[in-house]
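Protein chains in written order, with this note's numbering: chain A, 5 to 358; chain B, 6 to 172; chain C, 5 to 182. Beta carbons are placed, not taken as given, at the ideal position from N, Cα and C, and that holds for glycine. Every value quoted in this text rests on a predicted model; they were computed, and no experiment measured them.
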Amino acid sequence: MLLSIDWIFIIEKCILIAVIIGISLVVAMYETWAERKVAAIMQDRRGPNRAGVFGILQPMADGLKLFMKEEIIPNLSNRFLFVLGPGLAMLTAMMTSAVVPWSSHLDIKGRMVSLQVADINIGILYIFGVVSMGVYGIMIGGWASNNKFSLLAAVRGASQIISYELAMGLSFIALLMLTGTLSLRTIVEQQQDHLYNFIYQPLGFFIFLICAFAECNRTPFDLSEAENELNFGYHQEYSSMKLGFYLFAEYVNMFISSAVMATLFFGGYDIPFVNDISFGQQHGQNVLAILQGLSLFVKVGVFIFFFMWVRWTIPRFRYDQLMRLGWKILIPLALINMLATGFIILLRNNGWHL
Amino acid sequence: MSATQVLFWFLSVLAIFSAIMMVASKNPIHSVLWLIIVFFAISGHYVLLNAQFLAIVNLIVYAGAIMVLFLFVIMLMNLNADTEPQKNKWLKMAGVIAGGALLLVFVAALKNADLKNQLVQTNSGEIGLINNLGLSLFHDYVVPFEVSSVLFLSAMVGAVVIAKKND
Amino acid sequence: MQSLTNRSKQVERKPMTLWEKMYVPAIAKGMSITFGHMFKKKPTVNYPEKQRPFSPVFRGLHVLNRDEEGRERCTACGLCALACPAEAITMEAAERLPGEENLYREEKYAAKYEINMLRCIFCGLCEEACPKDAVYLSETFAPANYNRTTFIYRKEDLLIPDPKTQPAEYAKAKGNKL
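Listed below in structure tokens is the structure:
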């Protein structure tokens, strides 16, 4: 019995992965468009409106431009690592999507097809692990460019990500104590019956949100791309689609972290104000699954808009302010939040009711 | 051979090859990157043993944090193959002897261990699951756990003291 | 020092209160401002599709005018070239031959008339200097081009269309100014 594998299962997962990656890329493409549009309307401008209706073809034009540009690899750079950097950035950005439950499950001829690539029982930790890998794309790219500014930007970006990971983890822990599970699907299913976790963990959500900004290298935490201090940041020496990969990875990260926030704190694919199970029995499982997916995407869209809204409002932090916020404010706050949550859970377990 | 066995052999070869490359490569950055691949391979082994928590924590702590700090230091000190000093011949000999002695100890320790029957306990072990791990950590081993946290605290205090020395 | 306007504000360097230190209210305030701007009217005009009306004193590209019968008004007196502060205008005069009365109004006309639009500052002094009302500045822009020589406008480029044979084009080139 050589390689006895459930082939249908493998094919099903492969299709799912391809679809999710495709959707992530398309969403990332249109995030670049939406970013410019949001920036424009917040600054009383119109934004891209020449390529197609409302400039809807602008991302294609941008992508084509990036592909057509000359690819430059600096002479004294480390060639292999120089090419590896953007690839790693993209890879780690994509990998997180594996554990996000995009919807409940489809019913294809009696076979329940779960719309989640892998429901592992350490889902949140997996996200953590992948996020912490995300540092390598930045660091390797910055170092391999053989440029002082790139290296400085890479070190800045990496230390920022490591610092904010701590506060993020602590804000997670409070949530975990509440839900008692690490599986993202179970967390969503719990929220379907109860109120959203956001109600129970407002401070935890707030800390998580700030850390998500920092992890995605978005303004006001885009210290590794501070043009006026570091020329262009860690991707200064990159051109053509390698630069495109770095920029794209940022948008994919934004999409995925929005999805994670929606899943953890805002009920994931749960349709608000609707009893999903009875709805599914009325209209069929497939309709329910599609509507649930749409519901998740609406939530994700709101978060993405929020990311952009903040970007075009708040100026960049100074580096010492960034570190002070991370270490002296967010981590103590997260610790207090964790202790308070633990205290209340302990009280409730011992028969004290709110 | 089942799929898990194929994976097991692949991961083992990857781990050993990367470990050798880590020692053998001249460029310290390459060494660090090979070491990261070793951690990934070992995490893969943990997953095969159904110890998912260990696998991911191994990645987060070692590959995600400690190796990044290694990279920091190496990149900022700009170490590369040219600046590596020529080592003393006697030092090399001492290194070989020390490594060989460690290998001997490992072989001696593991020779009599009954590993044959549980060589690849794939997908059957329950101990690595986060539930069981948490229970045994906080019930059976709660005192060592707390002691190790005190150790970490003292390390943090020490680091702050060293950093503040100049004031 | 006495302030020129009454609007100067003294800088305060007192330590921030706890409320200010939280930053969150200030951030919320800023966010509400940017959100409000989403619903403001946009001053941008979609240029090629929509064009703003010219102001009555707008000075654009030059036009060499004709009279009602379609004859060139210019007599190549050179006053415009003299008046031009940027020295953008050159011309060569020629005498009207018999039989050309339907082309040129006076006995002398400009055989060659060039305006270098890269030098021109569109001040309108040529328009003021012209005794024959022959040159005036229209309501069009100088279009962009890749080649500098295309910006030297010859007489054929500058002449207004004939009002008799091409009345529509004539009216368009004339604009609302005259």
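* Asked: Got a sec? Which residues, its chain only, sit under 6 Å from Gly51 (chain A) by beta carbon, not counting five neighbours each side?
  -> So the list reads Arg40, Lys41 and Ala44, once near-sequence residues are dropped.
* Using three-state DSSP, classify Arg11 (chain C) as helix, strand or coil. => Arg11 (chain C): coil per DSSP, three-state reduction.
* To do: Please specify which runs of the beta strand (DSSP E), each continuous and at least 3 residues long, are wholly inside the segment 92-143 of chain C, giving them in chain order.
  => Fully enclosed beta strand (DSSP E) runs of 3 or longer: 93-99, 112-120 and 139-141.
* Below 9 Å between beta carbons: does that hold for Phe77 (chain B) and Val135 (chain A)? -> No; because the gap between Cβ atoms is not below 9 Å, this pair is not in contact.
* Got a sec? Which residues, its chain only, sit under 7 Å from Ile77 (chain A) by beta carbon, not counting five neighbours each side? -> Excluding residues within five positions, the ones whose Cβ falls inside 7 Å are Arg83 and Phe86.
* Asked: Can the beta-carbon of Ser175 (chain A) be found less than 9 Å from the beta-carbon of Met342 (chain A)?
  -> Taking 9 Å as the Cβ cut-off, Ser175 (chain A) and Met342 (chain A) qualify as a contacting pair.
* Asked: By the criterion of Cβ-Cβ separation under 8 Å, what are the contact partners of Tyr168 (chain A) in chain B?
  -> Chain-order list of chain B residues neighbouring Tyr168 (chain A): empty, with the shortest C-beta distance near 13 Å, by a criterion of under 8 Å.
* Asked: From the beta carbon of Ile126 (chain A), is the nearest beta carbon of chain B less than 9 Å away?
  -> Taking 9 Å as the CB threshold, Ile126 (chain A) lines the interface with chain B.
* At 7 Å on the CB atoms, spell out the chain A contacts of Met42 (chain C), in chain order. => Result: Ile45 and Met46.
* Kindly indicate if chain A contains any beta-carbon less than 9 Å away from that of Pro46 (chain C). => Note on residue identity: the sequence assigns Lys, not Pro, to residue 46 (chain C). Between Lys46 (chain C) and chain A, the shortest Cβ-Cβ separation is below 9 Å.
* Got a sec: is the Cβ-Cβ distance from Ile191 (chain A) to anything in chain B below 9 Å? -> Answer no: the Cβ-Cβ gap between Ile191 (chain A) and chain B never drops below 9 Å.
* Asked: Grouping DSSP H, G and I as helix and E and B as strand, with all else coil, what is Ser118 (chain A)?
  -> Strand, per DSSP.
* Asked: What are the residues that DSSP puts in a beta bridge with Val165 (chain B)?
  -> Note: Val165 (chain B) sits in no beta bridge, so no partner.
* Taking C-beta pairs closer than 9 Å, name the residues in chain A that Leu12 (chain B) reaches, listed in chain order. => Chain-ordered listing is empty here: chain A has no CB closer than 9 Å to the CB of Leu12 (chain B), the nearest sitting near 11 Å.
* To do: Return no unless some Cβ of chain C is closer than 9 Å to the Cβ of Ala223 (chain A).
  => In the sequence as displayed, the identity of residue 223 (chain A) is Thr instead of Ala. For Thr223 (chain A), no Cβ of chain C is located within less than 9 Å of the residue's own Cβ.
* **Short-range partners of chain A found in the segment 16-37 of chain C, where Cβ spacing is below 7 Å** => When C-beta distances to chain A are compared with 7 Å, the residues of the segment 16-37 of chain C below that value are Ile31, Gly34 and Met35, in chain order.
* Along chain A, which residues have their Cβ under 8 Å away from the Cβ of Phe145 (chain C)? -> Residues of chain A whose Cβ lies closer than 8 Å to the Cβ of Phe145 (chain C) do not exist, since the nearest Cβ in that chain is about 20 Å away.
* Asked: Quick one, which residues of the segment 312-323 of chain A are near chain C if we go by CB-CB under 8 Å, in chain order?
  -> Across the segment 312-323 of chain A, CB contacts with chain C closer than 8 Å involve Trp313, Val314, Trp316, Thr317 and Ile318, in sequence order along the chain.
* Cβ of Val139 (chain A) less than 9 Å from any chain B Cβ? -> Taking 9 Å as the CB threshold, Val139 (chain A) lines the interface with chain B.
* Own chain, CB closer than 8 Å to Ile79 (chain B), minus 5 neighbours either side, in chain order -> Correct list, in chain order: Pro33, Ile34 and Val37.
* **C-beta neighbour in chain A for Leu96 (chain B), strict 9 Å** => Not one beta carbon of chain A lies nearer than 9 Å to the beta carbon of Leu96 (chain B).
* Asked: Can you name the start and end residues of the beta strand (DSSP E) that Asp48 (chain A) belongs to?
  -> Here Asp48 (chain A) belongs to no beta strand (DSSP E), and DSSP marks it neither H nor E.
* What number of angstroms, rounded off, separates the C-alpha of His239 (chain A) from the C-alpha of Leu74 (chain B)? -> Each residue's alpha carbon lies about 21 Å from the other.
* Would a C-beta distance cut-off of 9 Å place Phe22 (chain B) and Leu53 (chain B) closer than the cut-off? -> Contact flag unset, no.
* Could you confirm whether any beta carbon from chain A is found closer than 9 Å to the beta carbon of Leu163 (chain B)? => Note that residue 163 (chain B) is Gly in the sequence shown here, rather than Leu. It does not; no Cβ of chain A falls within 9 Å.
* Asked: List, in order along the chain, the chain A residues whose C-beta lies closer than 7 Å to that of Pro75 (chain B)?
  -> Residue identity check: residue 75 (chain B) is Phe in the sequence provided, not Pro. Contact of Phe75 (chain B) with chain A by beta-carbon distance below 7 Å is absent, the smallest such distance being about 11 Å.
* For Glu76 (chain C), which of helix, strand or coil comes out of DSSP? -> Reduced to three states, the DSSP call for Glu76 (chain C) is strand.
* Short-range partners of chain C found in the segment 66-84 of chain A, where Cβ spacing is below 8 Å -> Those residues of the segment 66-84 of chain A that come within reach of chain C (Cβ to Cβ, closer than 8 Å) do not exist; the list is empty.
* To do: Anything in the segment 129-156 of chain A with a Cβ closer than 7 Å to a Cβ of chain B? List those residues in chain order, please.
  => Across the segment 129-156 of chain A, CB contacts with chain B closer than 7 Å involve Leu129, Tyr130, Phe132, Gly133, Ser136, Met137, Val139, Met143, Trp147 and Leu155, in sequence order along the chain.
* 8 Å CB neighbourhood of Thr183 (chain A) in its chain, flanking five on each side removed -> The residues are Thr190, Ile191, Gln194 and Asn201.
* Asked: Does the distance from the CB of Glu254 (chain A) to the CB of Asn232 (chain A) come in under 9 Å?
  -> Not in contact: Glu254 (chain A) and Asn232 (chain A) (Cβ atoms no closer than 9 Å).
* Where does Tyr157 (chain C) fall in DSSP's three states? -> For Tyr157 (chain C), the three-state secondary structure derived from DSSP is strand.
* What are the boundary residues of the beta strand (DSSP E) that includes Val87 (chain A)? -> Run containing Val87 (chain A): none in the beta strand (DSSP E); it sits in the alpha helix (DSSP H), Arg83 to Met99.
* **Cut-off 7 Å between Cβ atoms - residues of its own chain near Val43 (chain B), not counting five sequence neighbours on either side** => For Val43 (chain B), the CB contacts under 7 Å within the same chain, skipping 5 residues up- and downstream, are Ala20, Ser23, Ala24 and Met27 in chain order.
* **CB-CB length for Gly4 (chain A) against Gly69 (chain B), believed under 8 Å** => Residue 4 (chain A) falls outside the range modelled here, since chain A spans only 5 to 358, and no answer is possible.
* **Contact set for Phe249 (chain A): own chain, Cβ-Cβ below 6 Å, skip 5 residues either direction** => Here Phe249 (chain A) has Pro90 and Met94 as same chain residues with Cβ atoms under 6 Å from its own Cβ, once five neighbours each way along the sequence are excluded.
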